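Mapping the sequence shown onto this note's numbering, position 57 (from 1) lands on 963, and the numbers just tick up by one. All remarks here apply to the structure that follows.
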Amino acid sequence: MSRHTDVALPATTCLHPQRRPLEVGLEQRDATMSEKLHKRARKARVDTMERHVLVCVDDDCGGSGVAKALRKAIAAHGLRSTVSIAKVDCLDICTKGTIAVVYPEGTWYAGLKPSRVERLVTEHLRDGRVVTDLVFHRNSLGSVCWPPESPTQG
907 MSRHTDVALP ATTCLHPQRR PLEVGLEQRD ATMSEKLHKR ARKARVDTME
957 RHVLVCVDDD CGGSGVAKAL RKAIAAHGLR STVSIAKVDC LDICTKGTIA
1007 VVYPEGTWYA GLKPSRVERL VTEHLRDGRV VTDLVFHRNS LGSVCWPPES
1057 PTQG
């Protein structure tokens, strides 16, 4: 039993940190997922992603420059196949400059500027060490579990 749940779940429904979402139950999903969606997922490298960074680009946060700097630094460090950057309209925390959150760790960064991006990329995204002086909150997702799939109606 995982420390993240109160009930035991079948092993096939939980994603362990080492496993990627598309590896679990992929065969069943293949039958219903369109080929176009598969192509888009491969192009977006969703099956190799290890971390997702959500960057607030709302006008109050001014994160467009940070998102652009993150994309460049991730490419420069060869992390494009394992780290994705998503620009989001608002993370509902409009203070201390640009806000970003790194998942699955749930590490929230504040006051990001393009000049601080290199540290975030090298220390956290590449080397796995949180940049503590930029963190204002942590909320790890731990193991992610999906609810059991419903049996298909024949």
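We treat Cβ as the ideally placed atom computed from N, Cα and C, and that holds for glycine. As the structure is a computational prediction, the values presented were derived from the model and not from experiment.
Around the Cβ of T1038, a 10 Å sphere holds fewer than 16 other Cβ atoms; the residue is exposed. If you compare the alpha carbons of D1033, N1045 and V963 with that of P1010, the shortest gap goes to N1045.
Around the beta carbon of L1047, fewer than 16 other beta carbons sit within 10 angstroms, so the residue counts as exposed. At the C-beta level, L1031 and R957 come within 9 Å of one another. Taking each of M955, E941 and V963 in turn and checking the Cα distance to D995, the smallest one comes out for V963.
The beta carbon of V1023 is closer than 7 Å to those of V972, A975, L976 and A979 in its chain, skipping five residues each way along the sequence. Secondary structure of K1019 (DSSP, three-state): coil.
Residue pairing for K993: DSSP places it in a beta bridge opposite V961. Spanning the alpha carbons of V952 and C1000 requires a straight line of approximately 29 Å.
About 5 Å separates the Cβ atoms of V959 and V1008, confirming a contact at the 8 Å cut-off. With respect to G1017, L997 sits apart: the two C-beta atoms are not nearer than 9 Å.
Between S987 and the set K993, E941 and A950, the nearest pair of CA atoms involves A950. Straight across, the Cα-Cα distance linking I991 with H1043 is about 19 Å.
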